[in-house]
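Take the sequence shown: its position 409, counted from the start at 1, is 408 in numbering that gives the first Met the number 0, and no numbers get skipped. Below is one structure, written out as structure tokens; the observations come after it.
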Amino acid sequence: MNKRRTKIVATLGPASSTPESIEQLLLAGLDVARLNFSHGTADEHRQRVRLVRDISARLGRHIAIMGDLQGPKIRIARFRDTQVMLQRGQPFTLSNTHSPDDGDEHIVGIDYPSLVQDCNPGDELLLDDGRVVLQVDTVDEHAVHTTVLVGGPLSNNKGINRRGGGISAPSLTEKDHEDIRLAAELELDYVAVSFPRSGEDIEVARKLVRAAGSHAWLIAKIERAEAVADDEALDSLIQASDGVMVARGDLGVEVGDARLVGIQKRIIQHARHQNKLVITATQMMESMIASPLPTRAEVSDVANAVLDHTDAVMLSGETASGKYPVEAVAAMARIAQGAEQERITTRSQHRVGQSFERCDETIALASMYAANHFAGVKAIISLTESGNTPLIMSRIRSAVPIYCFTPHPTTQRRAAMFRGVYPVPFDPKAYEPTDVSDSAITVLKNSGVVEPGDWVILTKGDSYHSTGGTNTLKIIKVE
Ligand code: G6P
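Okay, here's the thing in structure tokens:
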């Protein structure tokens, strides 16, 4: 069977922080470790990063690490008794002025004063990912007065969304600023931005990330209804980012579960079309928090994202706090690899009939056309600085593995997220210019990927160390 091409992002948390458990997750197939900055202390994150780096070095693996910013999630404050039970039809008030620790079954505080400006009578507010639904009756200067439409238990600090979106908190909080500094200190490979409204929010985040001294790539989490309201909004957000995450938790609450799957497919397609990465996230293996086997629906969900050609599938609570973190990663790996046996995952219609904009893009896409149609090709070698050339290649469906040859550890780790791309440490400067291609092929030959008689496609530029310079596609027979 071919090597698995779809990558696995797994969130580290209390269930996955010991050296043994992290090693097992890596062995089961983790490619990208996610730190969720909504939970845990800076020291806990430091410790996890150290373990991932040490263990991956020992195992000879290239593992990316992604920090996920908490963002401006709007939440209720707390209840006197931690939790209340709301009954359908009863009145319930969300108040700016009520004491934050003194909520009861009639009223609770909120930490977001502008909620009163963002709400209108008739709106539906969804609490705790939609488990409790409130209808807004009236709004005054300090409070939103509602009637409970769907009752149930409601506990401290649960999130608030509005159906249809439109609650407009700015996208980066004070805590996010601190966490960006932490991401820079820990040299994280990716930073995920929560609740961006537009490309501008990503630009602001990018400036802060760079100012903190980090080279991390930025992932826009698509989780507001506004972000998917039309193709223009979605495309501008994708354009401003290095990749996107289909963050199905909040997105599903805002657009409604019935629209979610279609929108997921559209996001994946648009991201790939713009040569950007895409991660599919949230509740993919939810039942595995408590059970060692996934449900059929979960298997189907993961397989469908793989068939749609997502770069990565993501686990959250399953690996952070569940009972079966290693089993969840192993199940995901198995399902991804199974789905990848289907022919549609290797036949590409990507951008057929469209023009390309850049020389390196043209070479990258031409390489894939050649690889998919010339049967003897067993591997693609892309000499790269930033990882951009193999990233563009991997937008095309193919069963031919793409090897990202780069001297830079940051690029090796980053490329661990790209579908069908495998990082290989390689420095062209260590060879005579005329020997670089043969030396690269020797590396693959020595590791058993290719053998004499196979064909290899290799891309590079005129200079051996400048990004954006790829202008050459060679097809070489392995001697
Ligand atoms: C390496 C190769 C160059 C190529 C460059 C592309 O440095 O030796 O010949 O031009 O990668 O890097 P990029 O970041 O654009 O993928």
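Ideal Cβ placement from N, Cα and C applies to all residues, glycine included. These numbers were taken from a predicted model, which means no experiment stands behind them.
Set against 7 Å, the gap from the CB of residue 467 to the closest heavy atom of ligand 1 is smaller. Here DSSP, grouped into helix, strand and coil, assigns residue 358 to helix. Here residue 145 has 90, 91, 92, 93, 124, 133, 134, 135, 136 as same chain residues with Cβ atoms under 8 Å from its own Cβ, once five neighbours each way along the sequence are excluded. Taking the C-beta atoms as reference points, residue 279 is found nearer than 8 Å to residue 312. Assignment of residue 138 by DSSP, reduced to helix, strand and coil, places it in the strand class. Shortest gap from the CB of residue 366 to any heavy atom of ligand 1: 7 Å or more.
For residue 345 and residue 379, the gap between their C-alpha atoms comes out near 15 Å. In the displayed model, residue 312 falls within a strand according to three-state DSSP. Taking C-beta atoms as the reference points, residue 330 and residue 287 count as a pair closer than 8 Å. Where residue 123 is concerned, the enclosing beta strand (DSSP E) starts and stops at 123-126. The distance from the Cβ of residue 327 to that of residue 317 is about 4 Å, consistent with a contact at the 8 Å cut-off. Distance check between residue 393 and each of 415, 373, 374 places 415 closest, using alpha-carbon atoms only. The shortest CA-to-CA distance from residue 174 to any of 324, 38, 260, 46 is the one to 38. Membership of residue 58 in the alpha helix (DSSP H) is indicated by the continuous run 41-58.
DSSP links residue 471 through a beta bridge to 459. Taking non-hydrogen atoms of ligand 1 into account, the C-beta of residue 431 is found less than 7 Å away from none of them. Put simply, of 349, 390, 324 the residue whose alpha carbon is nearest the alpha carbon of residue 242 is 390. Burial check for residue 458: the Cβ neighbour count within 10 Å reaches 16 or more, so the residue is buried. For residue 152, there is no enclosing alpha helix (DSSP H); the enclosing beta strand (DSSP E) covers residues 151-154.
The beta carbon of residue 321 is closer than 8 Å to those of 14, 287, 288, 289, 327 in its chain, skipping five residues each way along the sequence.
Secondary-structure assignment with DSSP links residue 306 through no beta bridge to anything.
For residue 388 and residue 213, the gap between their C-alpha atoms comes out near 21 Å. Residue 28 is classed as buried because its beta carbon has at least 16 other beta carbons within 10 Å across all chains shown. In the DSSP assignment, residue 101 falls outside any alpha helix (DSSP H), carrying neither H nor E. The beta-carbon distance between residue 218 and residue 240, rounded to whole angstroms, is 6 Å. This is short enough to meet the 8 Å contact definition. Contact between residue 71 and residue 169 holds: CB atoms are separated by about 6 Å, below the 8 Å threshold. By the neighbour-count criterion, in which a residue is buried when 16 or more other Cβ atoms sit within 10 angstroms of its Cβ, residue 284 is buried.
In this structure, the alpha-carbon of residue 269 lies about 42 Å from that of residue 84.
In this structure, residue 356 has its CB at a distance of at least 7 Å from all heavy atoms of ligand 1. The shortest C-alpha to C-alpha distance from residue 301 to any of 325, 476, 274, 336 is the one to 336.
With respect to the 8 Å criterion, residue 157 and residue 79 are not classified as neighbours on the basis of their beta carbons. Membership of residue 242 in any alpha helix (DSSP H) is not indicated; the residue belongs instead to the beta strand (DSSP E) covering 242-246. The criterion of a C-beta distance shorter than 8 Å is satisfied by residue 400 and residue 2. Looking only at 143, 235, 244, the smallest Cα-Cα distance to residue 115 is reached by 143.
Residue 181 holds the alpha-carbon nearest to the alpha-carbon of residue 46 among 61, 153, 181.
About 15 Å separates the beta carbons of residue 373 and residue 364, which is beyond the 8 Å limit, so they are not a contact pair.
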